[in-house]
Amino acid sequence: MAFDRRQFLKTTIAGTATLAIGGCNTFASTETKAGSIAGKAQLNISFQEGTAPGATLQEKFDFMEEHNVVGFEPHGKPLLQRKQEYKEALKGRNIKVSAVCAGFDGFILSTDPEVRKLCRDTMAELIIAAGEFESTGVIIVPAFNSQVPVMPHTQETRDFLCEQFDEMGTFAQQHGTTVILEPLNRREAFYLRQVADAASICRDINNPGVTCLGDFWHMTWEETSDMGAFISAGDYLQHVHIASRERRSVPGEDGAADNYVDGFRGLKMIGYNKYVSYECGIQGEREVVVPASLELLRKQWEEA
Numbered sequence: 659m660a661f662d663r664r665q666f667l668k669t670t671i672a673g674t675a676t677l678a679i680g681g682c683n684t685f686a687s688t689e690t691k692a693g694s695i696a697g698k699a700q701l702n703i704s705f706q707e708g709t710a711p712g713a714t715l716q717e718k719f720d721f722m723e724e725h726n727v728v729g730f731e732p733h734g735k736p737l738l739q740r741k742q743e744y745k746e747a748l749k750g751r752n753i754k755v756s757a758v759c760a761g762f763d764g765f766i767l768s769t770d771p772e773v774r775k776l777c778r779d780t781m782a783e784l785i786i787a788a789g790e791f792e793s794t795g796v797i798i799v800p801a802f803n804s805q806v807p808v809m810p811h812t813q814e815t816r817d818f819l820c821e822q823f824d825e826m827g828t829f830a831q832q833h834g835t836t837v838i839l840e841p842l843n844r845r846e847a848f849y850l851r852q853v854a855d856a857a858s859i860c861r862d863i864n865n866p867g868v869t870c871l872g873d874f875w876h877m878t879w880e881e882t883s884d885m886g887a888f889i890s891a892g893d894y895l896q897h898v899h900i901a902s903r904e905r906r907s908v909p910g911e912d913g914a915a916d917n918y919v920d921g922f923r924g925l926k927m928i929g930y931n932k933y934v935s936y937e938c939g940i941q942g943e944r945e946v947v948v949p950a951s952l953e954l955l956r957k958q959w960e961e962a
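In terms of this note's numbering, the sequence shown opens at residue 659 and continues consecutively.
Laid out in structure tokens, this is it:
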């Protein structure tokens, strides 16, 4: 059968015109909805305790307020040990506790029931404390590569993980917070390495107390697209970690490699308005590189 290019073009143009006439309201509706979601997005920057300059917690918080850093991400163990100190230091400030960074003992994918119980019990303590601070959630990793003996990477293991996180998520909701699953890169963890995998677990559990995290550092090694990774998480994305993309230092200290525009574009597309939290080391003078880093992130957020 001969291909009639002229007739093909006529048909295509006519079909496109019909779609444009009949479907313009649909296109406008979709565009409006997307714009509405993106309009909710905010860059709320958070620091872990080791990021800001300052000899004391008060000095660090002073610096953070001066530079409009609105979140503080404590590690779980200090949170339990220094709860009153944190409460006093945060009183009257424009800084809230963002996520609580782990701090549990044991690990949930251990083959030893006692190790799993230790993980659940210590997570419960952290969840209660996170709720007291109105934190967005407690970050948990199912298992690091160094943690053995561990359950095999099978469907049965995933089903077990879903059961455990469902229980934790329900407990977290009772305390006004969530459990946040963190994917890591393959050098640190064999299980749960991509944001979409964490989101799929959240989706299957379907419990508002079970959420996930995207970490730019780990995503550097595991994701083909920062934007795609964040879009895959959608409403399940509860927290974001950020670091430089070569040495896991303060964003900006690795020069041109530290480009987060694609990821920020994805965050805007899903209307992300929680925290982007520094989890990193530092190479230069803290008083110089941290303000420069904040300026870089805010510039790239605008570019996105």
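Note that CB positions come from ideal geometry on N, CA and C, so glycine has one too.
Give every residue of the same chain whose Cβ lies closer than 6 angstroms to the Cβ of residue i, excluding the five residues on either side of it in the sequence, and list them in chain order.
| i | result |
| --- | --- |
| Val773 | Gly764 |
| Ser704 | Gly729, Glu731, Ser756, Tyr933 and Ser935 |
| Ser768 | Arg774 |
Please name the residue, chosen from the options, that lies closest to residue i on a Cα-to-Cα basis.
| i | options | result |
| --- | --- | --- |
| Met877 | Leu737, Glu904 and Val868 | Glu904 |
| Pro732 | Ser804, Gly942, Ile785 and Ile766 | Ile785 |
| Gly867 | Gly834, Gly734 and Ser902 | Gly834 |
| Gly708 | Phe719, Leu701, Asn702 and Asn803 | Phe719 |
| Glu891 | Gly910, Trp879, Lys926 and Val919 | Position check: residue 891 holds Ala in this sequence, whereas Glu was assumed. Ranking Gly910, Trp879, Lys926 and Val919 by Cα distance to Ala891 puts Lys926 first. |
| Ala856 | Gln805, Met781, Ile889 and Gln831 | Ile889 |
| Pro841 | Trp875, Asp824 and Thr828 | Trp875 |
| Val806 | Ala914, Gln941 and Asp770 | Asp770 |
| Ile940 | Asn931, Pro909 and Leu952 | Pro909 |
| Ser902 | Gly929, Gly942, Ala847 and Gly697 | Gly942 |
| Arg845 | Trp879, Asn865 and Phe818 | Trp879 |
| Pro736 | Val727, Glu723, Asn726 and Leu715 | Leu715 |
| Gln742 | Val727, Phe791, Val948 and Ala696 | Phe791 |
| Tyr894 | Pro810, Gly827 and Arg906 | Gly827 |
| Val808 | Phe848, Met885 and Ala914 | Phe848 |
| Ala962 | Asn752, Met885, Lys754 and Leu952 | Met885 |
Considering only residues of the same chain and omitting the five flanking positions on each side of residue i, which have a CB-CB separation below 8 angstroms?
| i | result |
| --- | --- |
| Ala887 | Gln852, Val853, Ala854, Gly872, Met877, Glu881, Gly921 and Gly924 |
| Ile679 | Residue placement at Ile679 is poorly supported in this model, since its pLDDT is 41, which falls under 50; the coordinates still yield a value, given next. Excluding positions up to five away in sequence, the list is empty. |
| Cys820 | Ile859, Asp862 and Ile863 |
| Ser945 | Reading the sequence as shown, one finds Glu at residue 945 and not Ser. Once the five neighbours on either side are set aside, the close Cβ partners of Glu945 are Pro711. |
| Gln795 | In the sequence under discussion, the amino acid at residue 795 is Gly, which differs from the Gln named in the question. Excluding sequence neighbours, Gly795 sits near Ala757, Val758, Ala788, Ala830, Thr835, Thr836, Val837, Ile838, Thr869, Gln896 and His897. |
| Leu738 | Gly761, Glu783, Leu784 and Ala787 |
| Ser907 | Ala901, Cys938, Gly939, Ile940 and Gln941 |
| Ile753 | Phe719, Met722, Glu723, Val727, Val728, Gly729 and Phe730 |
Could you tell me the alpha carbon to alpha carbon distance between residue i and residue j, rounded to whole angstroms?
| i | j | result |
| --- | --- | --- |
| Ile797 | Glu746 | 24 angstroms |
| Ile900 | Glu937 | 6 angstroms |
| Leu955 | Asp912 | 13 angstroms |
| Ala672 | Pro800 | Because the pLDDT at Ala672 is just 46, under 50, the model does not fix this residue reliably, and the point stays unresolved. |
| Gly750 | Ala950 | 27 angstroms |
| Thr780 | Ala787 | 11 angstroms |
| Gln813 | Asn803 | 19 angstroms |
| Asn917 | Phe721 | 25 angstroms |
| Thr815 | Leu776 | 18 angstroms |
| Val727 | Asn931 | 14 angstroms |
| Gly811 | Glu724 | First, the residue type needs correcting, since residue 811 is His and not Gly in the sequence shown. In a straight line, the C-alpha of His811 is about 47 angstroms away from that of Glu724. |
| Asp824 | Phe818 | 10 angstroms |
| Leu748 | Val948 | 21 angstroms |
| Arg778 | Arg740 | 21 angstroms |
| Cys682 | Leu952 | Reliability of the predicted coordinates at Cys682 is poor, the pLDDT of 46 falling under 50, and the value obtained from them is presented with this limitation in mind. In a straight line, the C-alpha of Cys682 is about 41 angstroms away from that of Leu952. |
| Tyr744 | Gln832 | 23 angstroms |
| Ala915 | Lys957 | 15 angstroms |
| Ala713 | Ser793 | 25 angstroms |
Our contact map puts residue i next to residue j with C-beta atoms below 8 angstroms; I'd like the distance itself, whole angstroms only.
| i | j | result |
| --- | --- | --- |
| Phe762 | Gly734 | 6 angstroms |
| Gln706 | Ile766 | With a Cβ gap of about 23 angstroms, Gln706 and Ile766 do not count as contacting. |
Please return the same chain residues whose Cβ sits closer than 7 angstroms to the Cβ of residue i, not counting the five positions on each side in sequence.
| i | result |
| --- | --- |
| Ala782 | Phe829 |
| Trp959 | Leu701 and Phe922 |
| Asn843 | Arg851, His876, Trp879 and Glu880 |
| Val883 | Residue identity differs from the one stated: residue 883 is Ser in this sequence, not Val. Excluding residues within five positions, the ones whose Cβ falls inside 7 angstroms are Asp920. |
| Gly929 | Ile695, Ala696, Lys698 and Ala699 |
| Phe685 | Legend: pLDDT at Phe685 = 45, less than 50; position of this residue unreliable, value from coordinates given subsequently. Excluding sequence neighbours, Phe685 sits near nothing in its chain. |
| Asn865 | Asp824, Gly827 and Thr828 |
| Glu717 | none |
| Phe666 | For Phe666, the predicted structure reports a pLDDT of 40, less than 50, and the residue's modelled location is therefore unreliable. The matter cannot be settled from this model. |
Would residue i pass as an interface residue toward chain B - the criterion being a Cβ-Cβ separation below 8 angstroms?
| i | result |
| --- | --- |
| Gly892 | Of the protein chains in the structure, only one exists, and it is not chain B. |
Is residue i near the ligand COA - that is, is its Cβ less than 7 angstroms away from at least one heavy atom of it?
| i | result |
| --- | --- |
| Ala699 | The model on display carries no ligand, and the ligand COA is accordingly not part of it. |
Item to complete: Kindly provide the ranges of any alpha helix (DSSP H) runs that are 4 or more residues long and lie completely inside the region 710-754, ordered along the chain.
Response: 715-724, 734-739 and 741-748
Practice prompt. Jot down the residue ranges of each uninterrupted alpha helix (DSSP H) in the region 763-814, minimum 4 residues, whole runs only, in chain order.
Written response: 771-790
Item to complete: Can you check the region 930-961 for any beta strand (DSSP E) of at least 3 residues that lies completely inside it and give the ranges in chain order?
Response: 933-936
Practice prompt. Quick one: which unbroken beta strand (DSSP E) runs of 3-plus residues sit fully inside the region 843-897? Chain order, please.
Written response: 868-873
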